[in-house]
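Per the UniProt record's numbering, residue 1 is the first one in the sequence shown, and the count goes up by one each step.
Virtual Cβ for every residue (Gly too), placed ideally from N, Cα, C.
Input: a single structure, listed below in structure tokens.
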Amino acid sequence: METRELRYFVAVAEELHFGRAAQRLAMAQPPLSRAIQQLERRLGVVLLHRTPRAVALTEAGSVLLREARTALDAVEAAERRTRRAAGDQPGVVLAAKAGASRELLSKLLAAYAAEPGAVAVEVMLCGPGEPEFLLRTGRADVALLHRPYDTTAGFDTEDLHSEQQVVVLPKGHPLANRARLSFEEVRTEAGLPLPRWPGRDGGHPDGAGPQVRDHTQLFQLIALGLACAVVPESLREQLRDDYAVVPVPDAPAVTTVVAWPPHSRSRAVADLVRTATRLQLRAGGQTGNT
1 METRELRYFV AVAEELHFGR AAQRLAMAQP PLSRAIQQLE RRLGVVLLHR
51 TPRAVALTEA GSVLLREART ALDAVEAAER RTRRAAGDQP GVVLAAKAGA
101 SRELLSKLLA AYAAEPGAVA VEVMLCGPGE PEFLLRTGRA DVALLHRPYD
151 TTAGFDTEDL HSEQQVVVLP KGHPLANRAR LSFEEVRTEA GLPLPRWPGR
201 DGGHPDGAGP QVRDHTQLFQ LIALGLACAV VPESLREQLR DDYAVVPVPD
251 APAVTTVVAW PPHSRSRAVA DLVRTATRLQ LRAGGQTGNT
């Protein structure tokens, strides 16, 4: 299969309409239809059910869509990393979630800068779920990720820090004085909805509340009495007095990891990972905020 064919198929599979897919690809519809038919003949399977009114993926088509996205992301990542390696100024791009791992990130950058042969580090601070995406697509060389919020499958990783979770409630909430709450009690007794997170951040417990993009927006909604949220315990350091925080012992622990592509041969990435691991060992596993 050619990457061109995969791009054609992904466009049709996502649009489920040949006309819209052709428009998205800036090409005519007939050659697009022929390309998909040729791909089906080569694979010996039917990828799409076509009727005069609708286009639907077959089971084989669903599998190819998933695999094609992964393959195209890998090609895109290879292109970006190759161009970056050929640049005049060597450097490494580190992705992290804005507002998370602040202490760890600060210590890591300072410790790495003191290393012999350290290169410039470009830090990309972004929303929930985005560091993983940036790493998979080659926009970042290394990332700080947080299980179970981020998926680390396909990456090499080193665990840096684990912590429990708490529920954040508005100040004066009826449950604010409880010593602990179960996750089920948060759902059924808090009287406030959990937020909805962006699709890429599937590890967050999703609720029926307002959709949020980041923790700043989330905490404002909580202060207004419009939502509650289960978050890593270290985030309480960012909160003012108008919040109540209660431990949720049965919520899954959150582990901060440093992640990088397994095929990476970058010395800068290796040195950055080594520095992060050394910081973790010095702190006895208690380094940083998630």
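- Of Arg136, Leu6, Arg42 and Gly127, the smallest CA-CA separation from Glu67 is found for Leu6.
- Per DSSP, reduced to three states, the secondary structure at Arg213 is coil, with no helix or strand assignment.
- The segment 215-234 makes no contact with the segment 118-126; the number of CB pairs closer than 8 angstroms stays below 3.
- DSSP places Ser162 within a strand segment (E or B) once states are collapsed to three.
- Inter-residue distance for Gly209 and Gln38 is about 46 angstroms (C-alpha atoms, whole angstroms).
- Within the segment 59-128, the complete alpha helix (DSSP H) segments at least 4 residues long are 59-85 and 102-113, listed from N- to C-terminus.
- Pro30 counts as exposed, since fewer than 16 other beta carbons sit within 10 angstroms of its beta carbon.
- Membership of Val258 in the beta strand (DSSP E) is indicated by the continuous run Val254 to Trp260.
- DSSP, reduced to helix, strand and coil, places Pro170 within a strand of the structure shown.
- Close CB contacts of Gly19 within its chain, under the 7 angstroms cut and outside five residues either way in sequence, are with Gln29 (chain order).
- Across the structure, Leu125 and Pro193 are spaced so that their CA atoms are roughly 27 angstroms apart.
- Pairing Lys97 with Pro131 gives a Cβ-Cβ distance under 7 angstroms.
- Taking a contact as a CB-CB distance under 8 angstroms, the pair His161 and Gln280 counts as one, their CB atoms being some 7 angstroms apart.
- Around the beta carbon of Thr255, 16 or more other beta carbons sit within 10 angstroms, so the residue counts as buried.
- With contact defined as three or more Cβ pairs closer than 8 angstroms, the segment 131-140 and the segment 212-226 are not in contact.
- Residues of the same chain with a CB within less than 7 angstroms of the CB of Ala113, apart from the 5 flanking positions on each side, do not exist.
- In this structure, the alpha-carbon of Asp150 lies about 12 angstroms from that of Thr157.
- Classified as buried, Val257 has 16 or more neighbouring CB atoms from the shown chains inside 10 Å of its CB.
- Rounded to whole angstroms, the gap between the alpha carbons of Pro148 and Asp159 is 12 angstroms.
- In the three-state reduction of the DSSP assignment, Pro193 falls in the coil class, being assigned neither a helical nor a strand state.
- Under DSSP, His49 shares a beta bridge with Ala56.
- Between Ala60 and Leu47, the CB-CB gap stays under 7 angstroms.
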